[in-house]
Structure formats: C-alpha cells, structure tokens
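Numbering (our numbering), first residue to last: 68 to 224.
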C-alpha cells in the first residue's frame, strides 16, 4: 500500500533521461517505492522544458514536486535545463536532483553553482539503484517540506 508523503497527496516526479534502458530501470525502481507518486518522463532537455512550461502535448501536465535530471542529453543538455529552471520564478522552487553518470568535479561544481539541490552519480548495480531511489523518495517525498509552487511570480498556487 502506498502511503501519502509530506505533500499530503501523490507526488509528481519528472525524470528527464534520454537513455531508454535507464528510463526502464528507474521506472522499475520507482515501482518499489511505498510513497504515493506519479512518474513522468521527458526524453531530453528540450522535452523537459516543454513539460515544465506546460506547452504542446504537455499543456495539462502537473507541476512536478521533484525533478531528476540527467546532464548528458541531446537537443538541450541537463546543464542548460538546470540553469533555465533555476532562473524561472515559476519553476525555481522545484527541487532538482542531478542523476548522471558523470562524476566530474567540473560538472558537480557547475550543477551546484546553478542551484541543483543534489548531485547523484548513477550506480551501475541494480540493487544500488533501487536503494538510491528509495532514499530519494523517502527524503524528498516524505521528510522534506516543500515550498508552494509559484504561479508565475511571488504568489503561491
């Protein structure tokens, strides 16, 4: 049975990931999470921004409570997406976790400089991925008290 986390409702999570195998592994890992959630997917940075801006086929998309962002994606990489999210008053309160294969000090510094909330390196072991996803869900969906989403300015939704 899925319990409701700190949001008092099912959480919406956006995973922006271009690798179909990683998408499937994350989908399987999140199926094991016992906190009510809905996982949404964007296959690259461009699609992530369309989702977040609720444009086109994502016009009725929910505002995510958490974003898991890969750095190395086609069309618009995660570095650019992170910067755009954190410069947009209506999006900047959404926690963004970088979930990438890069363990580069340069990437970590850049991510935190652009206000990433966490930087995680994708584990190669499936059990470690499941454990990481459980930790993410428990902390970000159960323990953290989220700020209300901005509706375009300083006012909350």
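Think of the CB as a built atom: it goes at the ideal place given N, C-alpha and C, for glycine as much as any other residue.
**OP:** Give a yes or no on contact between the segment 181-191 and the segment 109-120, applying the rule of three or more CB pairs nearer than 8 Å.
**Re:** No contact exists between the segment 181-191 and the segment 109-120.
Subject >> Selected residue, minimal CA-CA separation from residue 77, among 107, 92 and 93 >> reply: Nearest Cα to residue 77 within the set 107, 92 and 93: 107.
Original post:
Can residue 165 and residue 159 be called in contact, C-beta distance under 8 Å?
Top reply: no
Original post:
Is it buried or exposed for residue 82, if we count other Cβ within 10 angstroms and need 16 for buried?
Top reply: buried
Original post:
Would you report the Cα separation of residue 149 and residue 205, rounded to the nearest angstrom?
Top reply: 23 Å
Original post:
When DSSP labels each residue in this structure, what does residue 163 get in the three-state scheme?
Top reply: strand
Original post:
Under the rule that 16 or more other beta-carbon atoms within 10 Å means buried, what is residue 75, buried or exposed?
Top reply: exposed
**OP:** Compute the beta-carbon to beta-carbon distance between residue 200 and residue 96, rounded to the nearest angstrom, for a pair I have assumed lies under 8 Å.
**Re:** 4 Å
Original post:
What do you reckon, are the CB atoms on residue 226 and residue 169 nearer than 8 Å?
Top reply: Residue 226 lies beyond the stretch modelled for the chain, which goes from 68 to 224, so this question has no answer here.
**OP:** Consider the C-beta atom of residue 131 and the heavy atoms of the ligand NAP; say whether any pair is separated by less than 7 Å.
**Re:** The ligand NAP is absent from the structure shown, which contains no ligand whatsoever.
Subject >> For residue 193, the first and last residue of its enclosing alpha helix (DSSP H) >> reply: 193-204
**OP:** Leaving aside the five residues before and after residue 181 along the sequence, list all residues of the same chain whose C-beta is less than 7 Å from its C-beta, in chain order.
**Re:** 149, 150 and 153
Original post:
Taking DSSP as the reference, what is the three-state secondary structure of residue 105?
Top reply: strand
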